[in-house]
Amino acid sequence: GGGTEAVEGNPASLAVFRRYLVELTGAWDPRNPFGFGSVSVMDSASGGLAAGLAYHLVSVGNGESHRVAHLNTAAFCLPFGQSLQVGLSARHVVMTGSRQANAITGDAGLLLRMGPVMATVSGHNLVDISNPDFPRNFAGALGLITPEFTLAADVRGDFDRAHPAFSFSGGAEWVAGGALPLRAGFTRDLIHGGSFVGAGIGFLVEGGGIDLGYRHELGGSYSRLLSVTFRLQVQ
87 GGGTEAVEGN PASLAVFRRY LVELTGAWDP RNPFGFGSVS VMDSASGGLA AGLAYHLVSV
147 GNGESHRVAH LNTAAFCLPF GQSLQVGLSA RHVVMTGSRQ ANAITGDAGL LLRMGPVMAT
207 VSGHNLVDIS NPDFPRNFAG ALGLITPEFT LAADVRGDFD RAHPAFSFSG GAEWVAGGAL
267 PLRAGFTRDL IHGGSFVGAG IGFLVEGGGI DLGYRHELGG SYSRLLSVTF RLQVQ
């Protein structure tokens with residue numbers, strides 16, 4: 087819930103931080119045909135109900151496997167006191183190319199806050215739209231969040247197959263001098279296959295900031311994913 091990724095991720099984390107937020111993000115893999123661009127807005131400061139909107143344009147595959155997806159997501163989060171947050175989202179998917187889709191699915195989640203420790207459970211693509219790019223899956227996560235340091239881990243499970251498969255991730259962030267976030271993480275994905283290491287750096291100023299990220303696949307298709315996010319924030 088550190089940014090507008092909560093709109094597309096676990097909507098229960100929309101209200102972790104109280105603020106208005108606008109983000110513009112782009113990512114590109116120069117070794118494999120994949121890229122996306124997105125614009126997202128989030129308001130968790132106006133009242134008790136937090137809300138967000140996100141649009142993603144995704145291009146993946148090449149030749150006969152190429153497809154383009156337009157994802158429009160609206161998410162809401164309702165806190166119950168200081169400890170429990172419940173979130174729901176709805177997503178309209180339009181896909182053209184080698185796979186076709188024009189359907190609505192969505193996510194749901196719960197977040198339990200115990201001081202600096204947060205635990206979440208969430209379900210994703212809960213409405214089956216019969217598209218392998220949008221499988222139904224479930225996740226659980228545990229995080230320790232302080233102003234200077236964040237430590238988090240999660241596990242994601244796909245149970246819509248003969249034998250359940252899981253993906254495991256962990257990461258950490260240290261904010262140096264209150265303005266320079268430094269990040270690192272690792273993922274072992276047994277759902278789609280592959281192991282990934284990631285690193286990131288950001289720069290925060292009053293009212294906004296910029297984040298740069300890099301994800302490196304160890305073996306497999308040797309993907310190299312670069313991303314940049316521009317952020318406008320009002321607290």
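Reading the sequence shown from the start, the letters are residues 87 to 321 in the numbering used here.
Glycine residues also receive a C-beta, built at the ideal position from the N, C-alpha and C atoms.
Here the structure is a predicted model, which is why all the values come from computation and not from measurement.
| Item | Value |
| --- | --- |
| Determine the closest residue to residue 261 out of 232, 246, 282, 283, with distance taken between C-alpha atoms. | 232 |
| With a floor of 3 residues, list each beta strand (DSSP E) that falls wholly inside the stretch 106-183, ordered by position along the chain. | 106-115, 120-129, 136-146, 153-166, 170-183 |
| Going by C-alpha distance, which of 244, 190, 113, 92 is nearest residue 298? | 113 |
| Which residue marks the beginning of the alpha helix (DSSP H) containing residue 92, and which one marks its end? | 91-94 |
| Which ranges would you report for the beta strand (DSSP E) in the stretch 184-250 if only whole runs of at least 3 residues count? | 187-200, 203-210, 223-231, 235-244 |
| Can the beta-carbon of residue 301 be found less than 8 Å from the beta-carbon of residue 284? | yes |
| Here's a check: name, in chain order, each residue in its chain whose Cβ is nearer than 8 Å to the Cβ of residue 184, leaving out the five neighbours to either side. | 147, 150, 151, 152, 153 |
| What is the DSSP secondary structure of residue 307, reduced to helix, strand or coil? | coil |
| Quick one, are the C-beta atoms of residue 221 and residue 246 less than 8 Å apart? | yes |
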